[in-house]
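As structure tokens, the structure follows; a few thoughts come after it.
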Amino acid sequence: MAHQSDLIAEDITAYLKAQEEKSMLRFITCGSVDDGKSTLIGRLLYDSKLIFEDQLSALEADSKKMGTQGQEIDFALLVDGLAAEREQGITIDVAYRFFSTDKRKFIVADTPGHEQYTRNMATGASTADVAILLIDARRGVLTQTRRHSFICSLLGIKRIVLAVNKMDLVDYNQDVLNEIDADYRTFAKDFGFAEITTIPLSALKGDNIIEKSDATPWYDGPSLMHYLETVQVGDARQAADFRLPVQWVNRPNLDFRGFSGTVASGTIKVGDPIKALPSAQESRVKSIVTYDGDLEEAVAGEAITLTLEDEIDISRGDVIAAKDHPPEVADQFEAKIIWMHDDAMLPGRPYLFKTANKTIPGSVTDLKHKINVNTLAKTAAKKLELNEIGVCNIGLDSRIAFDAYGDNKETGAFIIIDRLTNTTVGVGMIDFALRRASNIHWQALDVDKSARADQKHQRPAVLWFTGLSGSGKSTIANIVEKRLFARGRHTYTLDGDNVRHGLNQDLGFTDADRVENIRRVGEVAKLMVDAGLMVMTSFISPFRAERRMVHDLMAEGEFIEVFVDTPIEVCAERDPKGLYKKAKAGEIKNFTGFDSPYEEPERAAIHVKTAEADAEACADQIIEYLEQHGYLNANGGNRD
Amino acid sequence: MTKTLTHLKRLEAESIQIMREVAAEAENPVMLYSVGKDSAVMLHVAMKAFYPSKPPFPLLHVDTTWKFREMIEFRDNMAKDLGLELLVHINEEGVKAGVSPFTHGSAQHTDIMKTQALKAALDKYGFDAAFGGARRDEEKSRAKERVFSFRSAQHRWDPKNQRPELWNLYNARKNPGESIRVFPMSNWTELDIWQYIHLENIPIPSLYLSKKRPVVERDGQLFMVDDDRMPLNEGEEPMMKPVRFRTLGCYPLTGAVESEADTLEDVIQEMLLTTSSERQGRVIDHDSAASMEKKKQEGYF
Ligand SMILES: Nc1nc2c(ncn2[C@@H]2O[C@H](COP(=O)(O)OP(=O)(O)O)[C@@H](O)[C@H]2O)c(=O)[nH]1
């Protein structure tokens, strides 16, 4: 691995010392097929001499065998190790290459091929400090250039190298370069790049790669390598406000409680005032703990553990931030999404959203438009397909702390995970938080059951309480409704009191009337579910067949049978309405449990036993069931 | 004023972030500890990641019973010094069947004593995430590897079913039965590893440094006679030569290089001036035509 430095042979200790101070740069190369991307990367690897002799002799042999460059070395072969994988159908989103010079270590994200281009390039660009956009000098700025620039800008890359390659084929003509440079600057002005550096190159001949070339005496900028070795990066991230997304709560013993994470941006010093989000509790930094000793100060990119002066409750996924410049906290925002899966993104479908260390259920509440990567045209859409980019409103089940991606990549990015397969299906970049009032744009959707449910951010269902008179149905249903209401759910309870006096006042207690009573209640409950509500019904509903009938009225998962199981002696003893007394005295006929049967559910979804647990505990059990079965965390309806 | 993090600090921070993420999300993680230099660095970074806590996972070594004796001693001392739980797994059936590199060939030996044994160990303890020290620069085809690599319940790697990885947001959610291999050192190069060992003074087995050792020459490679299980050919006499190892594994499968480099600096110097890549000393790479991909699909790390 012959490095160029003479120090290696002369004074290895001095060399190592110098090497240990090197910085690192990550960049991405973007180009269309045949622009010379592989040749360029191969050339950088080769010229930084990070190539072993056994690899080199293999390269020379391959080059001759392939004959692509006559007797010359074909540098592209150095990086093209993925042909076999491609044939096997292995997805290569990005290949990472490494090389280093005496000044820097480099990680190159190389995104091969053009199918899946958006997804691949976005992946490579997400971690890149700089992008090298390759342009064939003979062809100038093309559609692809726009696409590449757009994706770079979307992912927040600020520094662009416009690498005008194959200058040897245009006689190193300065006018060609100037024209391309001018074209590109006009066209890129809306992309928000901080710096565009145009370099005339020949990857094949090595012009302006490492050294300035004699073939372009008119060019007064840096060689590509000189640029890469000296470009300033990471300063913006350090200048931004302090953010530490908590990754792991560090509790080795009862006396130490630290918050471990990587500083996403800014700097932090011992004694600095902080605010923890979303709770908004405040404290000060007591110590910055690392294995190598406590620090006085830590900066963006460092993995640290913070301890605080006060005992405040912070858990994984919370963000510790500068007290006076905290991030926003919201559960609804606008974001740009890049879809990465064969199954299209559908608004309203529940997904998981993972931001810095926090995973939260939610859904896309509105797809405003998609953006064509080639023309940048905005078009209306009902879904996002693989490799499409859309501007969306997102609603989460709970609030998160975040920054706009443009201000802070680390706290403004998220990935989208499919809840069934657990795969990553998309990624997003937050633009800004939405005020509730401004975020409901339903014109794109039909107003149907799921639209209504989505609007309420809930999953509608009927909790069908069945049990003897006095078993506790209404009491428990009441508590459950209060709990759901407190969580912001839209609810309604149907019971004897509000149904018998109106809708069903014509019905008595014969078996036929009981059946009709339940049928009507079932139909009303169904309408309410259609309206997007969570409905509690509290009726003895003694017959299995009728409960079955109601079950069959509803869609899968909308009917939850709750058996309030109380022995008849207990009910008779409680006798809240004095009915058991009357029934015993023969004053009421057809009383369930006496002269009318109660058919216990065989497989109720929830079975509460009030003789063993009080009403609150029974309500707990029901809420727990709802949580475990996704009735309370789904943000959005039943679109799938 | 901007404080520039060195490349080693950035790599270290990235590895720490990955390790913490797994500790937070996996139910039962483990660190595969192979006693080599990459494992040494990985373990050192793990000590940093959770400090002042200890890493919240045990170390697992799959012992083929043919490792250099010094590796075993070194391994036990490391675990003891650091106060970490060390699990050693040996494929006892393989031992009973007398599997060795000499009788079964390197490919079969590795398969039975390493690949199969690793799967059995992961199943036995129910580990759902396993850290490995593999790097992307080890081989051209590793360049595209994910940091989080998902395996089916049968430990198979499905190349078509791997997840996009953007930023530092890793999706660690698994389906029932699935497990993850996590490579926190993906972006380190061999040179980074050595520089970091040097900078941080990380202990490594002295096999990496040159010493006079008993070796025999076979097919142009030098092999150390580490114990008397090594069958010698007619007239073959171990010779004492100054050698060191560039990678560590089963001694009958690990070629030595002749060298006078007996300090870490000298080793790094030699490596920087050398002309052959790291994997040359590994017999398994030459042994079969099967690609790395195939081995990985079968569960070789
Ligand atoms: N004349 C000339 N040819 C080049 C240059 N760079 C690359 N090429 C050739 O263009 C073709 C495509 O190059 P390659 O690196 O494989 O392109 P990729 O598809 O972008 O990776 C090959 O035949 C290269 O030799 C250059 O600067 N000048």
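So the sequences go chain by chain: D and Z. Mind the numbering: the first sequence is residues 1 to 640 in this note's numbering, read in order. Mind the numbering: the second sequence is residues 1001 to 1301 in this note's numbering, read in order. Ideal Cβ positions, reconstructed from N, Cα and C, are used throughout, including at glycine. Bear in mind the structure is a predicted one, so any value in this text is a computation, not a measurement.
Closer than 7 Å to some heavy atom of ligand 1: that does not describe the Cβ of residue 208 of chain D.
Between residue 456 of chain D and residue 465 of chain D, the C-beta gap is not smaller than 8 Å, which leaves the two residues out of contact. Per DSSP, residue 538 of chain D lies in no alpha helix (DSSP H) segment; the continuous beta strand (DSSP E) that holds it begins and ends at 534-538. For residue 1129 of chain Z, no alpha helix (DSSP H) run applies; the uninterrupted beta strand (DSSP E) run containing it begins and ends at 1129-1131, by DSSP. Within the model, the alpha-carbon separation for residue 37 of chain D versus residue 43 of chain D is close to 10 Å. Taking a beta-carbon distance threshold of 8 Å, residue 1066 of chain Z does not count as an interface residue toward chain D.
Note on geometry: alpha-carbon atoms of residue 1262 of chain Z and residue 1209 of chain Z lie some 5 Å from one another.
When 7 Å is used as the limit between beta carbons, residue 296 of chain D is near no residue of chain Z, the shortest such separation being about 12 Å. Checking the 7 Å criterion, the Cβ of residue 176 of chain D is out of range of every heavy atom belonging to ligand 1.
Inter-residue distance for residue 1142 of chain Z and residue 1202 of chain Z is about 26 Å (C-alpha atoms, whole angstroms). Taking 8 Å as the cut-off, the beta carbon of residue 573 of chain D is found no closer than this to the beta carbon of residue 536 of chain D. Residue 1078 of chain Z carries a helical assignment under DSSP once its states are collapsed to helix, strand and coil. Distance from the CA atom of residue 247 of chain D to the CA atom of residue 357 of chain D, rounded to whole angstroms, is 6 Å. DSSP places residue 516 of chain D in the uninterrupted alpha helix (DSSP H) bounded by 511-530.
The region 561-572 of chain D and the region 486-505 of chain D do not touch, with fewer than 3 CB-CB distances between them shorter than 8 Å. Counting the other Cβ atoms within 10 Å of the Cβ of residue 454 of chain D gives 16 or more, which makes it buried. With a threshold of 16 other beta carbon atoms within 10 Å, residue 321 of chain D meets it and is buried. Ranked by Cα distance from residue 372 of chain D, the first of D:412, D:154, D:17, D:7 is D:154. At least 8 Å separates the CB of residue 339 of chain D from every CB of chain Z. Contact annotation: in the region 1230-1262 of chain Z, no residue has its CB less than 9 Å from a CB in chain D. For residue 187 of chain D, the uninterrupted alpha helix (DSSP H) run begins and ends at 174-187, by DSSP. Selection Z:1217, Z:1240, Z:1206, Z:1190 evaluated against residue 1072 of chain Z yields Z:1206 as nearest (Cα-Cα). Within the region 1143-1163 of chain Z, the residues whose Cβ lies closer than 8 Å to some Cβ of chain D are 1143, 1144, 1159, 1160, 1161, 1162, 1163, listed in chain order.
Note on residue 339 of chain D: 16 or more other CB atoms within 10 angstroms of its CB, so buried under the neighbour-count rule. Fewer than three pairs of CB atoms, one per stretch, sit closer than 8 Å, so the region 377-396 of chain D makes no contact with the region 1134-1149 of chain Z.
The distance from the Cβ of residue 333 of chain D to that of residue 434 of chain D is about 6 Å, consistent with a contact at the 8 Å cut-off. Of the residues D:604, D:416, D:595, the one whose Cα lies closest to the Cα of residue 355 of chain D is D:416.
With a cut-off of 7 Å, the C-beta of residue 39 of chain D is classified as near ligand 1, since at least one heavy atom of the ligand falls inside that distance. Placement of the Cβ of residue 202 of chain D at a distance of less than 7 Å from at least one heavy atom of ligand 1 is found.
Under DSSP, residue 339 of chain D shares a beta bridge with D:426.
The three-state secondary structure of residue 395 of chain D, taken from DSSP, is strand.
Annotation for residue 286 of chain D: 307, 308, 309 place their beta carbon closer than 6 Å to its own, counting only its chain and skipping 5 residues before and after. The C-beta of residue 539 of chain D comes no closer than 8 Å to any C-beta of chain Z. Residue state for residue 149 of chain D is assigned as helix, using DSSP reduced to three classes. For a cut-off of 8 Å, the C-beta gap from residue 386 of chain D to residue 325 of chain D is around 38 Å, too long to register as a contact.
At least one beta carbon of chain Z lies nearer than 8 Å to the beta carbon of residue 126 of chain D.
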